[in-house]
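Right, one structure below, let's go through it.
Numbering (the numbering used here), first residue to last: 160 to 450.
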């Protein structure tokens, strides 16, 4: 009896390699089997078909539609990363030309990769365009900005604060192409020496926000707080000499304001008190210097 032969994959691969330049080949193998005294033969037919351009798998576009665009910080545009036309046989070969379009912003550009694919068996040619975008989609990064505690000035109940300079970095934009602006919840904000000064900031907590924009329009907006308190002590001005007439029946009252000669505070004088600083006389049984 004659049974069907099973060809190993390595044998089939050698057959395909040998006849890859022809569209159709017929291979006949005769396997002789000897069983007892008889011999038998069978015929095994293999059809080998070459790959065609219709069988190609073309590389995808990296345009945020087909596949995600490449990030500018580590853009690998080599065909080994972005793909090549692929066929199942070596009768297909390809080459490409890149057209690089100008940057739309720093670090961002577009490549039109024009593939030309040749079928060596038929001489047919296929052209395919692959789009590769390299984009900066990452916002600038600020260094840490600590909250501030500030005091009012000596002549007003408001603070003038020089805001800390912004420590900025960006994936692809040069530092000269990264700018920032500041805004505040109170006070008057004015530019100064490449930064900002916040004037007339009243007592209390306030929020300052920086907004940085790189050359591609990516933005980041960190915030920090400024707490303003009055750390300026009042200025006391007293009369150095004052004459008071004593009453005959009731204690003589002398108010603290009697001794004031223009005391002031940058915010406001909240209270004013006076006390006797010399030891008491025998007729007054009360020590004002300690009570």
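Virtual Cβ for every residue (Gly too), placed ideally from N, Cα, C.
Would you call the stretch 357-365 and the stretch 379-396 in contact, with 3 or more CB pairs under 8 Å? yes
If you run the structure through DSSP and keep just helix, strand and coil, what is residue 323? coil
Fully enclosed by the stretch 354-417, which alpha helix (DSSP H) runs are 4 residues long or longer? none
Cα-Cα separation between residue 400 and residue 417, rounded to whole angstroms: 11 Å
When you compare the stretch 290-305 with the stretch 268-279, are there three or more beta-carbon pairs, one atom per stretch, that lie closer than 8 Å? yes
Exposed or buried, which one is residue 228 when buried takes at least 16 other CB atoms within 10 Å? buried
Taking the Cβ atom as the reference point for each residue, do residue 354 and residue 307 lie within a distance shorter than 8 Å? no
Whole angstroms is fine: what's the gap from residue 358's alpha carbon to residue 347's? 5 Å
Go ahead and pull the three-state DSSP assignment for residue 231. helix
For the alpha helix (DSSP H) that residue 240 lies in, which residues bound it at each end? 238-241
Taking only the alpha-carbon atoms, compute the straight-line gap between residue 426 and residue 263 and give it to the nearest angstrom. 54 Å
Using DSSP with H/G/I as helix, E/B as strand and the rest coil, what is residue 315? coil
Below 8 Å CB to CB, which residues in the same chain sit around residue 378 once its five sequence neighbours on both sides are set aside? 298, 299, 370, 371 and 372
DSSP three-state label for residue 335, please. helix
Could you give the DSSP three-state label for residue 178: helix, strand or coil? Its pLDDT being 45, under 50, residue 178 is placed unreliably in this model, and the coordinates cannot settle the point.
Which of the three DSSP states is assigned to residue 307 in this structure? strand
So what does DSSP say about residue 424, is it helix, strand or coil? coil
Inter-residue Cα distance where the pair is residue 419 and residue 351: 42 Å
Measure the C-alpha to C-alpha separation of residue 283 and residue 219 and round it to an integer number of angstroms. 22 Å
Within 10 Å of its beta-carbon, does residue 237 have 16 or more other beta-carbons around it, so buried, or fewer, so exposed? exposed
Contact check, residue 272 vs residue 257, beta carbons under 8 Å: yes
Would you mind working out which of 374, 375 and 380 sits nearest residue 368, comparing C-alpha positions? 380
Report the rounded CA-to-CA distance for residue 394 versus residue 424, giving the unit in angstroms. 6 Å
Please list, in chain order, all residues of the same chain as residue 311 whose beta carbon is under 8 Å from its beta carbon, the five residues on each side excluded. 317, 318, 362, 387, 388, 389, 390, 391, 425 and 426
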